[in-house]
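To start, the structure under review is shown below, and the notes come after it.
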Amino acid sequence: MTQGNIEKEEHTIQRNQIIAVVVIVVIVGAAGAYLLMTPPRPTGQTLVWETIGNPDYMDPHNNYESFGSWVHYNVYETLYTYEFDSLSTDPTVPLLAEDLTISDDGLNYTFTLRQGVTFHDGTPFNASCVQYNFERMLATFDPSGPVWMVAEPILGGAAIENAVYGSGPGSDDHVGNFTEWADANEDGTGAVLVLDTYTVRIRLAYPYVPFLASITYAVGSMISPTFVEAHGGIEIGAHNDYLDDNTCGTGPYMVTEWTPDVNIVLARNENYWRAASARTDFPNAGAIDEVIIKTNEDVNSRILNIQAEEADVVYWPTTHATQVYNNASPPAFSANDGTQQSLTPNTLKVWAQYPTFNIASIHFTMSETMNETILGKVVENPYKVINLRKCLSHAFDYETLIDTVANGFGNQFAGPIPTGMFGYPEDASTYSYDIEEAVSYWNDAMNNNDLDTILANNSYTLVFYYNSGNTVRENAQLLLADGLRAVLAHDDAVQPTEELEIQVQGLEWSNYLHAAIAGEVGCWMIGWAPDYADPDNYVAPYAKSTGTFGYWARLAQSPGWDAEEVDGWIDDAAQSLDEDERETLYAQITEAVYEHAAYIWVYQGTTLFVTGANVYDGQYACNPMHGAYFFHMYKT
C-alpha cells in the first residue's frame, strides 16, 4: 500500500465517523423531540363515579344484580371475557385461560390455563382453583342467585339444582347430591376434572351452545381458595358472610372499603398480571389508581357534581336526557368520541341511543297470599287474579312512558326475549294502552274472581313499588297508578265496596330487592341486563318456575300456569342445536307469558352514558355484556 493510499483511507474513515456522529445526533435529537412532544403516561389518578343503589353482595357466586356484577368485572376474572374495545357480545378473549378445546359432541370443554397469575392475597392460580370455585358455586347455591346457569348444563348439576329448589339450600337432599357430585370430581368421573396443574376439563350433561358465555358472567369468577378457607370456608347451602362483604380475585382492582349507601373504594392491584400486556392496545392502562363509587340518590345533585367536576362519571337517567343530549342520531360507535351528541361537548361527553338488550318490566307476585310490606300483615294476594293483571297491562300507558318519561330512549317489545336477539318472535302479541279493555278485565275480576273480597282483605289498598332514586321506575309506577285510577273513574267500572287507595312507594335498593325475593311486594318494577346473549338467559329467569323472577313471582303457584309444560319447553330449547326448533319453542313460551299477563313489558332501553370531557375509554360500558372497565380508563 503506497503512502497516498493510506492518507486517502484515513480521510475516508474520519469522514465516515463524522457522518456517524451527525446521524447519531440527529436520531437522538429526533427521539428527544418525540419525547418532548409525547405526554407522559398518566398515573396516580382517582376516578369518582356517582350512581344509585348498592351491590347486594360482593360474592360473585351469590350476587345477582348489575351493580355488583359491574364491581366484580373489575375485581374478579373469568376464564374468558369479551373484547375490551368493542360492542361484541361473544366471549372470544382468553383471560384466565389461554386456550379452549371443545369436543366434537359439545360435551367436553378443556381449558389450558394461564400461568404466572396470582390472586390478590398471593395465592397462585391453577386448575385446582378452578375446580374449587365450581364446587363452591354448587355448594353455596343461593336459589335467588346466578348459579342456576352453571348448574343446569353441567354434568350432575341438575340434581343439585332440583334439591335446592325442591327441598331448599342446605337441605339433606342438597348436601347429599352435592357431596356425591364433588366426590366424582375427585375420582375422575365428575364434571370438573383437574388434568394437570394448568389444564382443567368441564363436562356437560348435554350440548349447550351458550355454556362459555354463561361462565363468562360474574358467577364464573375465580376467588382465591386460600382466602375463602381463611375466612370461614364453604358451608353447603349458606352464604359466607365475610365473602359477602370482602373480595379476593385476580383482577386489576381490589375493594378496600365498602360502606353501603355511601361508597365503594377500589385500589389498583400493583401486581396485576395484565399490567404490561394491556398497554400494547391501551397505552394508558393502569392510570387510575383509585376508584370511588359514590351512592347518590339525588339526580340533580349528581348532575351538578359532574358539571362542577366533582364527579367524573354519573348515572344520568333518561328522564333528564334533554339537559345533556343534543338529539343527534348515534354515529358509528367507533367514530363517536363522545362530543357529537353532547349539548356541552367542552364539559361533558355523551353516548346515546345505541341498542341494548336491557329490558324493564313490572312484576307481580302471584302466590295465593303474601306478607305485604306496607300493610305489615299476611293478606290474600290480589295479583293472583289474572284479570286484574290483564287490566293493569292495558291500563299502562307505554307510549307516554317511552316518549315522555324515558325521552325516547326505548321501544315497546314482547317479552321476555328482547328485540334484536335470536329467538325474538316478530309476530308476538303485546298489550296496548286501552282503558276500555282495562275496564272490561277489571269488571271480570270484580264479578267473577271475587276481587272485592280480596281488596277488603288488603284494607282496600294497592301499593306499586319502585327502588328509590330510580326516576324512570318511579314515573312508570305513577303512570300505572294513574291508569288504574282512570279505570275506576270510568262510568262502566264496577266499584269496590270502599274507595280503593292506590299508593306508589319507593324502597331503598337492598330492602327493595329482599322484599321482592321474599314475596312481600305485589307489584314492583325492575330491569334485566343480559348475563349472556342467548334467549335462554331471558326465558329461564322470567318464565321458568325455578328461574330468578319466576321463583320470586311464585309463578309455579300462580293459578292457571302450567309450570311443568313451560319448564319443559325452556329445557328443550336450551338443549336443542336446531335453530328452527328453538325458535318455535321460544314463540310458544312468549305466547304463554303473554296469555298469563305475568309481567308488564315496559320497554327495551337504549344507551345514555355521560362522562366528564376529560375522561377517556369509558364508553365501552355501552357494551351490553359488561359495565365500565376501569383499568383501561384515564383522565387528561
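Using this note's numbering, read the sequence shown as starting at 1 and increasing by one per residue.
Quick reminder that beta carbons are idealized off the backbone N, C-alpha and C, glycines included.
Item to check | From E501, N284, V117, residue whose alpha carbon lies closest to that of P40 | outcome: Position 40 of the sequence shown, counting from 1, holds the residue named residue 40. Closest option to P40, judged by alpha-carbon separation, among E501, N284, V117: N284.
Checklist entry - For the candidate residues G408, D578, V299, whose alpha-carbon lies nearest to that of A328? => result The residue labelled residue 328 in the question sits at position 328 within the sequence shown. It is G408.
Item to check | N411 (DSSP reduced to helix, strand or coil) | outcome: In the sequence shown, residue 411 corresponds to position 411, counting from 1. In the three-state scheme derived from DSSP, where H, G and I count as helix and E and B as strand, N411 is classed as strand.
Checklist entry - Going by DSSP, what residues sit across from G506 in a beta bridge? => result Sequence index remark: in the sequence shown, residue 506 carries index 506 (1-based). The secondary-structure analysis by DSSP pairs G506 across a beta bridge with Y466.
Checklist entry - So what does Y634 bridge to, in DSSP terms? => result The count along the sequence shown starts at 1 and reaches residue 634 at position 634. Residue pairing by DSSP places Y634 opposite Y616 in a beta bridge.
Checklist entry - Count the other CB atoms within 10 Å of the CB of R485; is the residue buried (16 or more) or exposed (fewer)? => result The count along the sequence shown starts at 1 and reaches residue 485 at position 485. The residue is exposed, with fewer than 16 neighbouring Cβ atoms inside 10 Å.
Item to check | Extent of the continuous alpha helix (DSSP H) to which F178 belongs | outcome: Within the sequence shown, residue 178 is the residue found at index 178, counting from 1. From DSSP, the alpha helix (DSSP H) with F178 extends over 172-186.
Checklist entry - CB of D281 to nearest heavy atom of the ligand GTP: below 6 angstroms? => result As far as ligands go, the structure on display features none, and thus does not contain the ligand GTP.
Checklist entry - Whole alpha helix (DSSP H) runs in the region 278-359 with 4 or more residues, listed along the chain? => result Those alpha helix (DSSP H) runs which fall completely within the region 278-359 and span 4+ residues are 299-307.
Item to check | Straight-line gap, Y242 to T636 (C-alpha atoms, nearest Å) | outcome: On the sequence shown, residue 242 is found 242 positions in, with the first residue counted as 1. On the sequence shown, residue 636 is found 636 positions in, with the first residue counted as 1. Roughly 38 angstroms separates the two Cα atoms.
Item to check | Contacts around D452, its chain only, beta-carbon distance under 7 angstroms, and the 5 residues preceding and following it disregarded | outcome: The residue you call residue 452 lines up with position 452 of the sequence shown. Spatial neighbours of D452 in its own chain (CB-CB distance under 7 angstroms, excluding positions within 5 residues in sequence) are listed in chain order as M446, P496, T497.
Next on the checklist: With distance defined between alpha-carbon atoms, name the residue in T216, S459, N185 nearest to V147.
Outcome noted: As a working note, residue 147 is residue 147 in the sequence shown. When C-alpha distances from V147 are compared across T216, S459, N185, the shortest belongs to T216.
Next on the checklist: Restricting to runs no shorter than 4 residues, where is the alpha helix (DSSP H) found entirely within the region 99-127?
Outcome noted: Considered as a whole, the region 99-127 harbours no complete run of any alpha helix (DSSP H) with no fewer than 4 residues.
Checklist entry - Just how far apart, CA to CA, sit N381 and N63? => result Taking the first residue of the sequence shown as 1, we reach residue 381 at position 381. Taking the first residue of the sequence shown as 1, we reach residue 63 at position 63. Looking at the two C-alpha atoms, the distance is approximately 28 angstroms.
Next on the checklist: Just verifying my parser: in three-state terms, what is the DSSP assignment at N363?
Outcome noted: Translated into positions along the sequence shown, residue 363 becomes position 363. The sequence shown places His at residue 363, not Asn. Strand.
Checklist entry - Would DSSP call L451 helix, strand or coil? => result The residue given as residue 451 occupies position 451 in the sequence shown. It is helical.
Next on the checklist: By alpha-carbon positions, which one of Y629, R389, P210 ends up nearest to P91?
Outcome noted: Locating residue 91 in the sequence shown gives position 91, where the first residue counts as 1. Distance from the Cα of P91 is smallest, within the candidate group Y629, R389, P210, for P210.
Checklist entry - Considering only residues of the same chain and omitting the five flanking positions on each side of Y383, which have a CB-CB separation below 7 angstroms? => result Within the sequence shown, residue 383 is the residue found at index 383, counting from 1. Answer for Y383: F364, T365, M366, R389, G522, C523, listed in chain order.
Checklist entry - Just reading off the beta strand (DSSP E) that C622 is part of, what are its end residues? => result Position 622 of the sequence shown holds residue 622. Segment: none, C622 is in no beta strand (DSSP E) and carries neither H nor E.
Item to check | Every unbroken beta strand (DSSP E) inside the region 535-612 [3 residues or more] | outcome: Listed in chain order, the complete beta strand (DSSP E) runs (minimum 3 residues) inside the region 535-612 are 599-612.
Checklist entry - Starting from E50 and walking both ways along the beta strand (DSSP E), at which residues does that stretch end? => result One-based indexing of the sequence shown puts residue 50 at position 50. Note, E50: beta strand (DSSP E), 45-51.
Checklist entry - If you pair each beta-carbon of the region 611-626 with each one of the region 345-357, do three or more pairs fall below 8 angstroms? => result In short, these stretches touch, since the Cβ pair count reaches three.
Next on the checklist: Helix, strand or coil for W273? Go by DSSP, reduced to three states.
Outcome noted: One-based indexing of the sequence shown puts residue 273 at position 273. DSSP places W273 outside both helix and strand once states are collapsed to three, so it counts as coil.
Next on the checklist: Could you pull the DSSP bridge partners for E235 from this structure?
Outcome noted: If you number the sequence shown from 1, residue 235 lands on position 235. For E235, which the question treats as bridged, DSSP gives no partner whatsoever.
Checklist entry - Anyone know if the C-beta pair for N458 and V385 falls short of 7 angstroms? => result The count along the sequence shown starts at 1 and reaches residue 458 at position 458. The count along the sequence shown starts at 1 and reaches residue 385 at position 385. Contact check for N458 against V385 fails: the beta carbons are separated by 7 angstroms or more.
Checklist entry - What do you get for F630, buried or exposed, if any count of 16 or more other CB atoms within 10 angstroms of its CB means buried? => result As a working note, residue 630 is residue 630 in the sequence shown. Per the 10 Å Cβ criterion, buried.
Next on the checklist: With distance defined between alpha-carbon atoms, name the residue in T548, Y433, D59 nearest to D482.
Outcome noted: Translated into the one-based positions of the sequence shown, residue 482 becomes position 482. Comparing Cα positions, the closest option is Y433.
Item to check | Per DSSP, the bridge partner or partners of G527 | outcome: In the sequence shown, counting from the first residue as 1, residue 527 sits at position 527. Answer by DSSP bridge pairing, in chain order: A360.
Item to check | Cβ shell of Y594 (< 6 angstroms), same chain only, five flanking positions each side left out | outcome: Here residue 594 refers to the residue found at position 594 when the sequence shown is read from its first residue. Cβ neighbours of Y594 beyond the five flanking positions: S429.
Checklist entry - When you compare only the Cα positions, how much space is there between S167 and R554? => result In the sequence shown, the residue the question calls residue 167 occupies position 167. In the sequence shown, the residue the question calls residue 554 occupies position 554. Between the C-alpha atoms of S167 and R554 there is a straight-line separation of about 15 angstroms.
Next on the checklist: Does the contact criterion of 3 or more C-beta pairs under 8 angstroms hold for the region 414-428 versus the region 368-380?
Outcome noted: A contact is defined here as three or more CB-CB pairs under 8 angstroms, and the region 414-428 fails this definition with respect to the region 368-380.
Item to check | Same chain only: Cβ atoms within 7 angstroms of E501, ignoring 5 sequence neighbours per side | outcome: As a position in the sequence shown, residue 501 is number 501, starting the count at 1. Counting only Cβ-Cβ distances below 7 angstroms, and skipping sequence neighbours, we find Y460, T461.
Next on the checklist: Please classify Q115 as buried or exposed, where buried requires at least 16 other C-beta atoms within 10 Å of its C-beta.
Outcome noted: Working through the sequence shown from its first residue, we reach residue 115 at position 115. By the neighbour-count rule (16 or more Cβ atoms within 10 Å), Q115 is not buried but exposed.
Item to check | Nearest to E229 (by Cα), restricted to the options N240, S221, G220 | outcome: Here residue 229 refers to the residue found at position 229 of the sequence shown. For the residues N240, S221, G220, the minimum Cα distance to E229 belongs to N240.
Item to check | Environment of H61 [buried if 16+ CB atoms lie within 10 Å] | outcome: Residue 61 sits at position 61 when you count from the first residue of the sequence shown. By the neighbour-count rule (16 or more Cβ atoms within 10 Å), H61 is buried.
Next on the checklist: Under 8 angstroms, with one C-beta from each stretch per pair, do the region 80-87 and the region 606-622 reach the 3-pair mark?
Outcome noted: By the criterion of at least three beta-carbon pairs nearer than 8 angstroms, the region 80-87 is in contact with the region 606-622.
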